[in-house]
Amino acid sequence: MGAARTHRKRNTTMAVIGEFTTNGNNSIIGNVRTLTVSMKARLNPIERVSRDAPDFRITAGNGVEVGAGWKAVSTDGEQYISVKLDDPSFNAPITAALWPGEKEGEYALIWNRPKREI
């Protein structure tokens, strides 16, 4: 985990920073690992209160809220969850995408360095 590898639908190299699975309670659980972050995390579905509101609240293993997730669709029609993690202990927020894996109920949390505007 954490090593750069090619996502099954993409030709670019990205860092896999987490592996997740669904559980019986409609939550998605797994681990996030980078050089500075190592935590268990859970995406809990919530009812959206507005169009821009998240679909998921993300909590760390100790129950502290560390982020949110939004259902999204890629330009080629593949569904994924756009994730933003943040905590005072992080150097910067982590923005990533939770993509479905090869097996039903499995996901990979993929991080790409944001492109800088020139």
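Going by numbering that gives the first Met the number 0, 73 is the number at position 74 of the sequence shown; the sequence numbering is gapless. Where a beta carbon is used, it is the ideal one built from N, C-alpha and C, also for glycine.
Residue from the options with nearest C-alpha to residue i
| i | options | result |
| --- | --- | --- |
| PRO44 | ILE57, ASN30, GLU18 | ILE57 |
| SER26 | ALA59, GLU77, ARG32 | ALA59 |
| GLY66 | PRO99, GLU18, THR35, ILE93 | ILE93 |
| SER49 | THR33, VAL82, TRP69 | TRP69 |
| GLU105 | SER37, ASN24, ILE28 | ILE28 |
| ALA95 | GLU18, ASP85, PHE89, TRP110 | TRP110 |
| GLY23 | ARG41, PHE89, LEU34, SER37 | ARG41 |
| PHE19 | LEU34, THR74, PRO113, LYS102 | LYS102 |
| GLY100 | PRO113, GLN78, ALA91, PHE89 | GLN78 |
| THR21 | LYS114, TRP98, LEU84 | TRP98 |
| PHE89 | MET13, ALA71, MET38 | MET38 |
| ALA71 | LYS114, ALA107, GLU64, ASP54 | ASP54 |
| ILE80 | ARG112, ALA107, PRO87 | ALA107 |
| GLU64 | ASP85, SER73, GLY76, THR74 | ASP85 |
Beta-bridge pairing of residue i - partner residues as DSSP gives them
| i | result |
| --- | --- |
| SER37 | ARG32 |
| PHE19 | GLY29, TYR106 |
| VAL63 | According to DSSP, VAL63 bridges with nothing at all. |
| SER81 | TRP69, ALA96 |
| ARG56 | ASN43, ALA67 |
Counted within 10 angstroms of its Cβ, other Cβ atoms place residue i as buried (16 or more) or exposed
| i | result |
| --- | --- |
| GLY62 | exposed |
| ASN10 | In this prediction, ASN10 has a pLDDT of 44, which is less than 50 and means its spatial position is unreliable; what the coordinates show is noted afterwards. Burial call: exposed. |
| ILE16 | buried |
| VAL82 | buried |
| ALA52 | exposed |
| VAL31 | buried |
| LEU34 | exposed |
| ALA91 | exposed |
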